[in-house]
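Chains as they are written, first to last, in numbering that gives the first Met the number 0: chain A, 0 to 220; chain B, 0 to 262; chain C, 0 to 364.
As structure tokens, the structure follows; a few thoughts come after it.
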Amino acid sequence: MDWTALGVSLRLGVATLIVLLPIGLWLGHLLATRSFPGKALIEALITVPLVLPPTVLGFYLLVTFGARSPLGQAFASIAGHALPFSFAGLLLASAIANLPFVVQPIQRAFEAIPSGVRDAAACCGLSPWQRFFQIDLPLAWPGVLTAAMLAFAHTLGEFGVVLMVGGNLPGETRTLSIAIYDRMQAFDDRGAGVMAATLLVVAVGTLMLTTTLAGRTTRRG
Amino acid sequence: MVQSFQVQVLRWCAVVALVALASVSPAGVQKPPVVAAAASMNAALTAIAAQFEQARGRHVDLVFGASGALTRQIRDGAPFEVFLAADDTFPQQLTGAGLTRDAGVVYAIGRLALFAPTGSPLTVDAGLAGLASLVRDGRVTRFAIANPEVAPYGQAAEAVLRRHGLWDAMRPRIVLGDSVAQAAQFATTGNAVGGLVAWSVAVAPAMAGRGTSVVIPASDHPPIRHRMVLLKRAGAAAAEFYAYLQTPAARAILKSSGFEVPE
Amino acid sequence: MADTPLRVGLRQAGPIPLDVAFDCARGDVLAIFGPSGSGKSTILRAIAGLYAPADAIVRTGDRTWSDTAAGVHVPPHQRAVGLVFQDYALFPHLTARGNVLAALGHRPKAERVARADELLAQVHMDGLGDRRPDALSGGERQRVALARAIARDPAVLLLDEPFTAVDRPVRRRLQDEVDALRRRLDVPVILVTHDFDDVVRLSTHVLLLERGRVMASGPIADVMRRADLPWLRDAVGLGAVVDARVAGVDLERGLATLDIGGPALVVPAAGLTPGALVRVRVPAREVILATQAPAGLSLHNVLAGVVTEVHYLPGTSQVIVQVRVGATHLLAEVTGDAVSRLALTVGAPVHALVKSVSIDLHVVS
Numbered sequence: 000m001d002w003t004a005l006g007v008s009l010r011l012g013v014a015t016l017i018v019l020l021p022i023g024l025w026l027g028h029l030l031a032t033r034s035f036p037g038k039a040l041i042e043a044l045i046t047v048p049l050v051l052p053p054t055v056l057g058f059y060l061l062v063t064f065g066a067r068s069p070l071g072q073a074f075a076s077i078a079g080h081a082l083p084f085s086f087a088g089l090l091l092a093s094a095i096a097n098l099p100f101v102v103q104p105i106q107r108a109f110e111a112i113p114s115g116v117r118d119a120a121a122c123c124g125l126s127p128w129q130r131f132f133q134i135d136l137p138l139a140w141p142g143v144l145t146a147a148m149l150a151f152a153h154t155l156g157e158f159g160v161v162l163m164v165g166g167n168l169p170g171e172t173r174t175l176s177i178a179i180y181d182r183m184q185a186f187d188d189r190g191a192g193v194m195a196a197t198l199l200v201v202a203v204g205t206l207m208l209t210t211t212l213a214g215r216t217t218r219r220g
Numbered sequence: 000m001v002q003s004f005q006v007q008v009l010r011w012c013a014v015v016a017l018v019a020l021a022s023v024s025p026a027g028v029q030k031p032p033v034v035a036a037a038a039s040m041n042a043a044l045t046a047i048a049a050q051f052e053q054a055r056g057r058h059v060d061l062v063f064g065a066s067g068a069l070t071r072q073i074r075d076g077a078p079f080e081v082f083l084a085a086d087d088t089f090p091q092q093l094t095g096a097g098l099t100r101d102a103g104v105v106y107a108i109g110r111l112a113l114f115a116p117t118g119s120p121l122t123v124d125a126g127l128a129g130l131a132s133l134v135r136d137g138r139v140t141r142f143a144i145a146n147p148e149v150a151p152y153g154q155a156a157e158a159v160l161r162r163h164g165l166w167d168a169m170r171p172r173i174v175l176g177d178s179v180a181q182a183a184q185f186a187t188t189g190n191a192v193g194g195l196v197a198w199s200v201a202v203a204p205a206m207a208g209r210g211t212s213v214v215i216p217a218s219d220h221p222p223i224r225h226r227m228v229l230l231k232r233a234g235a236a237a238a239e240f241y242a243y244l245q246t247p248a249a250r251a252i253l254k255s256s257g258f259e260v261p262e
Numbered sequence: 000m001a002d003t004p005l006r007v008g009l010r011q012a013g014p015i016p017l018d019v020a021f022d023c024a025r026g027d028v029l030a031i032f033g034p035s036g037s038g039k040s041t042i043l044r045a046i047a048g049l050y051a052p053a054d055a056i057v058r059t060g061d062r063t064w065s066d067t068a069a070g071v072h073v074p075p076h077q078r079a080v081g082l083v084f085q086d087y088a089l090f091p092h093l094t095a096r097g098n099v100l101a102a103l104g105h106r107p108k109a110e111r112v113a114r115a116d117e118l119l120a121q122v123h124m125d126g127l128g129d130r131r132p133d134a135l136s137g138g139e140r141q142r143v144a145l146a147r148a149i150a151r152d153p154a155v156l157l158l159d160e161p162f163t164a165v166d167r168p169v170r171r172r173l174q175d176e177v178d179a180l181r182r183r184l185d186v187p188v189i190l191v192t193h194d195f196d197d198v199v200r201l202s203t204h205v206l207l208l209e210r211g212r213v214m215a216s217g218p219i220a221d222v223m224r225r226a227d228l229p230w231l232r233d234a235v236g237l238g239a240v241v242d243a244r245v246a247g248v249d250l251e252r253g254l255a256t257l258d259i260g261g262p263a264l265v266v267p268a269a270g271l272t273p274g275a276l277v278r279v280r281v282p283a284r285e286v287i288l289a290t291q292a293p294a295g296l297s298l299h300n301v302l303a304g305v306v307t308e309v310h311y312l313p314g315t316s317q318v319i320v321q322v323r324v325g326a327t328h329l330l331a332e333v334t335g336d337a338v339s340r341l342a343l344t345v346g347a348p349v350h351a352l353v354k355s356v357s358i359d360l361h362v363v364s
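Here you go:
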């Protein structure tokens, strides 16, 4: 059992949430409540990772941030290491790949709130921030939870992009899904089996936690 | 009610914090050097690294893959410090790109093996007569080799099949592994009759009991010259491991792991 | 300006055409009445700041909420406005008390809960504060919405079709409660409705709106005595609205007399006490005109007056005749033939015959 790889996977999942949830809440709220020119383009761009293979994302990340690109060299000179083959690079890839998983459920949840309720909140004297935290967020909570769960579980299962831009570095970019692949290549079926089972348990646990939390919130409001 | 929502947020934050705490990697502050090596080196290098750690008290992290794929990653900035390829040309590309300390050294000569998993109709022989008769009878379901474009053992396998006049007939039946390790995996699982893989993989302890294999004469394919290079970013520990690889102790392990060792 | 509690001027060509201007005084209830799609709700939304027409002026007291020429648009949460939405728009995740509390942010924290319960009691919702909207009936939700709207201590109270979602008996009770409430509040009240019953029962002033334009506006009696409003005739039928005081009640005969500033109007006595203020509506179709006072009739009201206006309804043979009786005006809908037979012209003396039971009446206070 590769505990380090499990740690990398969990850390990547949590870090992805920390990066993506604020962005997802902001974008989801914006797209659900406003109409503006270019909205269709933004929605398409957010959805694109859902339909494109991870290899396309991996390709562009390597081309954009690889050691041979100006941007990649600039990043390396600041951070001291290349963005691909680092945890930060994995996080960037994961954040982009998970954008639709986070934004879409949140956007749907905000859209489900009748506009009259939002107007009523404004007429009650609640500022936009108060409306967001006291009205929008509690009403959209199950959607936000679903988004977080989807992104977390999806990050744990991410393979293609990690394989391409991760470089399989222990403790840094070797996630559990990569470690399983690695163990299989080394004919270590037992090791792979233990890790696959671990991933399965974590995934089921995440889903159960989400359902429990969402159910409790819906009942209590 | 508003308070109840805040309680929910707090509870959720607590869950996140717990998971974050639990996921903090136990890895040390000082990161050990990462050694990238061709997939055929898996068993041998794992043994050498263990012995190195015992003898010198230093740990190295090992990453295995197809030589071509690893070369690409190094050019894109992967933080490897030593690169053990399964051929000459990939390390030379890196040297040409100015990414290595020097031209490196050939540390092993690889051999190819014909492998048949347990229960396969294929009988293995160095002259590939068994394979040829299966091809004639149309009984080859799948046959695994490494991808010639990224794996030196794939290039060698293609050369062997061409030399025996089997390449064109078998082309539709061939499955390509990303590396020689994946090719071996394809050969042992699934419905392949067998495959041409690295001798070092065929004799690896993990493969024991999975099938039969025979080494292919070196004269049937261009030599598989394993070259290693010390990359520019390499630190003292990496350099020490690089030197250790050329010691008699390491060479003995290579010899017993399915490689020939140059003088 | 400070003496005008609410001044509104809205104008734009589209997408929702608007061209309205009105004032509303403290304690007045202005009913905006018109067919659906005439822009009624848009006016309320513009006052609340939820909608910004191309050209808008909204002032209340000495504060300017909207002035497009000056580039002023105060956001809705900074306008002290109480708005009761058509479908209530309660916060589904909050209790009745939580809904009211949400509008009490301007009050000191310590007194908010007590104030919320006080407001709920005012709308007869005591003891139901812990219920969530999905556990309340339509009428109860309406009351919570009302409590929430006044919780803000609004400078203007806006009611958007407030009774559409409740059935008739509940509606009557709610109308009375709203009426009582607005008398206590002493702020301008704008009521948007497409139900004429709301207009007659609640408003002091009325503004008839059609496709964003004002067809008529003013005190309800002044507007309702106009003969030239064919749209109003088609929608609800014309009929003068008169506020009157009960002069006397004859329980034996079951009749009451109303003082309308001239000849007394006789109506059924049920529920009336002397001195009570009532509002009556005399439908134009129920008024018969005669040049001479007839005798031997069952009806009680034979009111002598003078023809003040004759309005031929275009495209029909009907004519609306306005008759001044004492200090008030009545409308009568008759045929063109009758007008010529009786030679009804402005200034002609005439008798208006009204059946006492045909008069719509309700007690104001």
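In this text, a Cβ means the ideal position worked out from N, Cα and C, and glycines have one as well.
{"Item": "Any C-beta of chain D under 7 Å from that of Gly-76 of chain B", "Value": "No chain D appears in the structure shown, which is made up of the protein chains A, B and C."}
{"Item": "Cβ distance (whole Å) where Ala-239 of chain C is taken to contact Leu-257 of chain C below 8 Å", "Value": "The Cβ separation is near 13 Å, so there is no contact."}
{"Item": "Beta-carbon spacing of Gly-142 of chain A, Ile-95 of chain A below 7 Å", "Value": "no"}
{"Item": "Endpoints, alpha helix (DSSP H) assigned at Gly-142 of chain A", "Value": "136 to 156"}
{"Item": "Continuous beta strand (DSSP E) stretch holding Ile-17 of chain A: start and end", "Value": "Not the beta strand (DSSP E): Ile-17 of chain A falls in the alpha helix (DSSP H), residues 2 to 32."}
{"Item": "Pairwise C-alpha distance: Phe-74 of chain A and Leu-212 of chain A", "Value": "40 Å"}
{"Item": "Three-state secondary structure (DSSP) of Tyr-59 of chain A", "Value": "helix"}
{"Item": "Beta-ladder partner(s) of Asn-300 of chain C, from DSSP", "Value": "C:Val-353"}
{"Item": "DSSP three-state assignment for Ala-46 of chain B, whether helix, strand or coil", "Value": "helix"}
{"Item": "Pro-31 of chain B: CB within 6 Å of a non-hydrogen atom of the ligand ATP", "Value": "No copy of the ligand ATP occurs in the structure displayed, which carries no ligand at all."}
{"Item": "Closest by C-alpha distance to Ala-14 of chain A, when choosing among A:Ala-66, A:Ala-31, A:Leu-208 and A:Asn-97", "Value": "A:Asn-97"}
{"Item": "Own chain residues within Cβ distance below 8 Å of Val-324 of chain C, not counting five before or after", "Value": "Ile-259, Gly-261, Pro-262, Leu-302, Ala-303, Gly-304 and Ala-351"}
{"Item": "Cβ-based contacts, 9 Å cut-off: residues of the segment 87 to 111 of chain A near chain C", "Value": "none"}
{"Item": "Straight-line gap, Val-356 of chain C to Ser-216 of chain C (C-alpha atoms, nearest Å)", "Value": "29 Å"}
{"Item": "Beta-carbon separation (whole angstroms), Ile-177 of chain A vs Leu-162 of chain A, contact threshold 8 Å", "Value": "6 Å"}
{"Item": "Reduced DSSP category for Cys-23 of chain C - H, G, I as helix; E, B as strand; rest coil", "Value": "strand"}
{"Item": "Boundaries of the alpha helix (DSSP H) in which Gly-137 of chain C is found, first to last residue", "Value": "137 to 150"}
{"Item": "Inter-residue spacing [alpha-carbon to alpha-carbon] between Phe-114 of chain B and Glu-171 of chain A", "Value": "35 Å"}
{"Item": "The segment 224 to 252 of chain C: positions lying closer than 7 Å to chain A by Cβ", "Value": "none"}
{"Item": "Helix, strand or coil at Pro-132 of chain C [DSSP, three-state]", "Value": "helix"}
{"Item": "Residue burial classification, Gly-314 of chain C (beta-carbon count within 10 angstroms, cutoff 16)", "Value": "exposed"}
{"Item": "Closest by C-alpha distance to Gly-153 of chain B, when choosing among B:Ala-43, B:Ser-39, B:Ser-218 and B:Gly-56", "Value": "B:Ser-39"}
{"Item": "Sequence-distant residues of the same chain with beta carbon closer than 6 Å to Ala-195 of chain A, five excluded per side", "Value": "Ile-179"}
{"Item": "C-beta atoms of His-153 of chain A and Phe-100 of chain A nearer than 7 Å", "Value": "yes"}
{"Item": "Gly-27 of chain B to Pro-48 of chain A span [Cα, whole Å]", "Value": "The predicted model places Gly-27 of chain B with a pLDDT of 43, which falls under 50 and marks its position as unreliable; any figure quoted below should be read in that light. The straight-line gap from Cα to Cα measures roughly 35 Å."}
{"Item": "C-beta atoms of Ala-326 of chain C and Leu-288 of chain C nearer than 7 Å", "Value": "no"}
{"Item": "Paired residues, beta bridge with Tyr-311 of chain C - DSSP", "Value": "C:Val-318"}
{"Item": "Of the residues C:Phe-84, C:Pro-75, C:Ala-12 and C:Gly-60, the one placed nearest Pro-52 of chain C, counting alpha carbons only", "Value": "C:Ala-12"}
{"Item": "Phe-79 of chain B versus B:Phe-63, B:Gln-91 and B:Thr-88, residue with shortest Cα-Cα distance", "Value": "B:Phe-63"}
{"Item": "Per-residue DSSP class, three states only, for Tyr-87 of chain C", "Value": "coil"}
{"Item": "Closest residue to Val-228 of chain B among B:Thr-70, B:Met-206 and B:Phe-258 (Cα-Cα distance)", "Value": "B:Thr-70"}
{"Item": "Whole beta strand (DSSP E) elements within the segment 230 to 292 of chain C, 3-residue minimum", "Value": "238 to 249, 254 to 258, 264 to 267, 276 to 282 and 286 to 289"}
{"Item": "Own chain, CB closer than 7 Å to Trp-166 of chain B, minus 5 neighbours either side, in chain order", "Value": "Glu-157 and Leu-160"}
{"Item": "Residue interval of the beta strand (DSSP E) (run including Leu-330 of chain C)", "Value": "327 to 334"}
{"Item": "Minimum Cβ-Cβ distance from Gln-129 of chain A to chain B less than 7 Å", "Value": "no"}
{"Item": "Inside the segment 166 to 191 of chain C only - alpha helix (DSSP H) runs reaching at least 4 residues", "Value": "167 to 184"}
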